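For the sequence shown, the residue numbers in our numbering are 10 to 320. Don't be surprised by glycine CBs; every beta carbon is placed ideally from N, CA and C. In this text the structure is predicted, and so the values were computed from the model without any measurement.
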Amino acid sequence: MRILLTGGSGMVGRNLLDHASAREYEILAPRSRELNLLDREAVAEYLRENKPDLLIHAAGRVGGIQANMADPVGFLVENTQMGVHVINEAYRAGISHCINLSSSCVYPRNAPNPLSEDQILTGELEPTNEGYALAKITAMRLCQYISQISGSAHYTTLIPCNLYGRHDKFDPANSHMIPAVIRKIHEARQSNASSVEIWGDGEAQREFMYVEDLADCVFSVAEKMRIGDEVPDVMNVGIGRDYSVNEYYQAVASVIGFEGEFVHNLSKPVGMRQKLIDSTKINQLGWMPSTELSVGIEKTYRFFLEEVTNG
Ligand SMILES: NC(=O)c1ccc[n+]([C@@H]2O[C@H](COP(=O)([O-])OP(=O)(O)OC[C@H]3O[C@@H](n4cnc5c(N)ncnc54)[C@H](OP(=O)(O)O)[C@@H]3O)[C@@H](O)[C@H]2O)c1
10 MRILLTGGSG MVGRNLLDHA SAREYEILAP RSRELNLLDR EAVAEYLREN KPDLLIHAAG
70 RVGGIQANMA DPVGFLVENT QMGVHVINEA YRAGISHCIN LSSSCVYPRN APNPLSEDQI
130 LTGELEPTNE GYALAKITAM RLCQYISQIS GSAHYTTLIP CNLYGRHDKF DPANSHMIPA
190 VIRKIHEARQ SNASSVEIWG DGEAQREFMY VEDLADCVFS VAEKMRIGDE VPDVMNVGIG
250 RDYSVNEYYQ AVASVIGFEG EFVHNLSKPV GMRQKLIDST KINQLGWMPS TELSVGIEKT
310 YRFFLEEVTN G
């Protein structure tokens, strides 16, 4: 089976390429400079020439609250174009299978938790990353329409909860919560700071999955597609429980050995109060995550020390 993996140099993409199952497939993973997904013609030509059996769409313009709020136009336009170009051109080129990666920001801000797939498009989105969410919803719907109108194409969307792990971004300008907390607490420990600031009251609940578990899930779905098993068109992929922001800070502090205190800055935005997804469908398909939070944080911190701080 030949796979075209978009976003192969990103956090998700690199974990897919590092996964043991990657050896069982021929995987094409062009960088954006080799295949710019904003260039529809180039995408069409690449697909015609290489004819993969499966598209895994893991490319995107991805960032935290600050990056999203600073450039909502870029997040909406680039993610919409990337998704529509590669998914629609894959369909036009006769590619029979697709795994499209979405994000839990597609859920309405006031939807009751745990969030199940049928709640998408039932209410207002969280404004801090609305542009990104609209782009992700468009790509998901496109996959659903393609599967509905074609007798032979199976285009599935996976909606992971928040992710963290090896190859994460640790730069405060575009990092997500766990890598940002790792850097902050690491630096506080290095400088013997007595306290670390937490945005908001720290009571907001978040679900984070170790990214190697997502890679494992993607290959498990790819294998089901390869053998012709039925796969739902949209599936959440989470760990089935969430922790408060304060608990994540404590978990990171205990891995790093920071013994100072935490100070809450109530003037900063916190986003949604809770975002726990319902992973029943993917669990029923036979897949479960396996990495405990403390183990995932330890592996991520080791990656940060070895690859980011070189020490
Ligand atoms: N990170 C998370 O917490 C999280 C959570 C849920 C869902 N997801 C989803 O998972 C997917 C991957 O996220 P990630 O965290 O791995 O992102 P990432 O680390 O920021 O990587 C982004 C990838 O997209 C590629 N890319 C960006 N612009 C491109 C373009 N114009 N043409 C071709 N490729 C382009 C980049 O390629 P180059 O490096 O070659 O430019 C890079 O490989 C996204 O769909 C995201 O929504 C992520």
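Cβ shell of residue i (< 8 Å), same chain only, five flanking positions each side left out
| i | result |
| --- | --- |
| Leu47 | Glu87, Gln90, Met91, His94 |
| Leu275 | Gly209, Asp210 |
| Glu196 | Ala202 |
| Asn77 | Phe84, Thr137, Asn138, Gly140, Tyr141 |
| Glu212 | Ser253, Val254, Asn255, Arg282 |
| Ile96 | Leu64, His66, Cys107, Asn109, Ala148, Leu151, Cys152, Ile155, Tyr164 |
| Leu1 | Because the chain in this structure spans residues 10 to 320, residue 1 falls outside the shown range and cannot be described. |
| Asn59 | Arg11, Leu13, Leu37 |
| Ser161 | Ser105 |
| Phe179 | Pro188, Ala189, Ile191, Arg192, Phe313, Val317 |
| Asn292 | Gly249 |
For residue i, the three-state DSSP class (helix, strand or coil)
| i | result |
| --- | --- |
| Val279 | coil |
| Phe267 | coil |
| Ser229 | helix |
| Tyr258 | helix |
| Val272 | strand |
| Thr137 | helix |
| Ile291 | helix |
| Asn59 | helix |
| Tyr34 | coil |
| Leu124 | strand |
| Leu14 | strand |
| Asn24 | helix |
| Val243 | strand |
| Ile65 | strand |
| Ile129 | coil |
| Asp236 | Note that residue 236 is Ile in the sequence shown here, rather than Asp. Residue state, collapsed to three classes: coil. |
| Ile306 | helix |
Selected residue, minimal CA-CA separation from residue i, among the options
| i | options | result |
| --- | --- | --- |
| Arg11 | Arg235, Asn122, Ser41 | Arg235 |
| Leu130 | Asn138, Asn122, Ala142 | Ala142 |
| Ile265 | Val304, Cys107, Ala51, Leu64 | Val304 |
| Asn201 | Gly269, Asp251, Ile146 | Gly269 |
| Ser253 | Tyr310, Val279, Gly22, Ser184 | Val279 |
| Cys107 | Glu50, Ser113, Gly73, Thr166 | Thr166 |
| Arg40 | Pro188, Leu285, His66 | His66 |
| Leu13 | Met244, Tyr258, Leu63, Tyr310 | Leu63 |
| Ser112 | Arg57, Gly69, Thr289 | Gly69 |
| Gln259 | Lys290, Ile291, Ser204, Met244 | Ser204 |
| Glu54 | Ala99, Ser159, Leu302 | Ala99 |
| Ala182 | Pro241, Ile74, Asp251 | Ile74 |
| Glu301 | Gly249, Phe179, Val71 | Gly249 |
| Gln214 | Lys284, Gln199, Phe179 | Lys284 |
| Met20 | Arg57, His185, Glu43 | His185 |
| Arg311 | Asp177, Ser159, Gly22, Ala224 | Asp177 |
| Arg101 | Ile146, Arg57, Ala29, Arg32 | Arg57 |
| Gln199 | Phe267, Ile146, Cys226, Glu239 | Phe267 |
| Ser288 | Glu239, Ile306, Cys226 | Cys226 |
| Ala29 | Thr309, Glu239, Val115, Ala224 | Ala224 |
Contacting residues, own chain, Cβ-Cβ under 7 Å from residue i (five flanking each side not counted)
| i | result |
| --- | --- |
| Ile286 | Ser113, Pro123, Leu124, Ile168, Cys170, Glu216, Asn245, Gly247 |
| Ala262 | Ile194 |
| Pro117 | Gln128, Thr131, Gly132, Glu133, Leu134 |
| Ala120 | Gln128, Thr131, Gly132 |
| Glu239 | none |
| Pro61 | Arg11, Ile12, Leu13, Leu37, Ile104 |
Contacting residues, own chain, Cβ-Cβ under 6 Å from residue i (five flanking each side not counted)
| i | result |
| --- | --- |
| Glu206 | Val272, Asn274 |
| Ile36 | Ile12, Leu14 |
| Val243 | Glu126, Thr166 |
| Pro81 | Gly140 |
| Pro241 | Lys290 |
| Arg49 | His94 |
Ligand 2 heavy atom lying under 7 Å from the CB of residue i
| i | result |
| --- | --- |
| Leu46 | Of the ligands one can find in the structure shown, namely ligand 1, none is ligand 2. |
(request) For the stretch 68 to 117, list the beta strand (DSSP E) runs that are entirely contained and at least 3 residues long, ordered along the chain. (result) Qualifying beta strand (DSSP E) stretches, in chain order: 106 to 110.
(message) Please give me, in chain order, every unbroken run of the alpha helix (DSSP H) with length at least 4 that falls completely inside the stretch 142 to 224.
(response) As far as the stretch 142 to 224 is concerned, its whole alpha helix (DSSP H) runs of at least 4 residues are 186 to 199.
(request) Tell me, please, whether the stretch 225 to 243 touches the stretch 289 to 297 by the rule of three or more beta-carbon pairs shorter than 8 Å. (result) Enough Cβ pairs lie closer than 8 Å, so yes.
(message) I want to know whether the stretch 161 to 178 touches the stretch 211 to 221 - three or more CB-CB distances under 8 Å.
(response) For the pair of segments examined, the stretch 161 to 178 was found to touch the stretch 211 to 221: the number of CB pairs separated by less than 8 Å reaches three.
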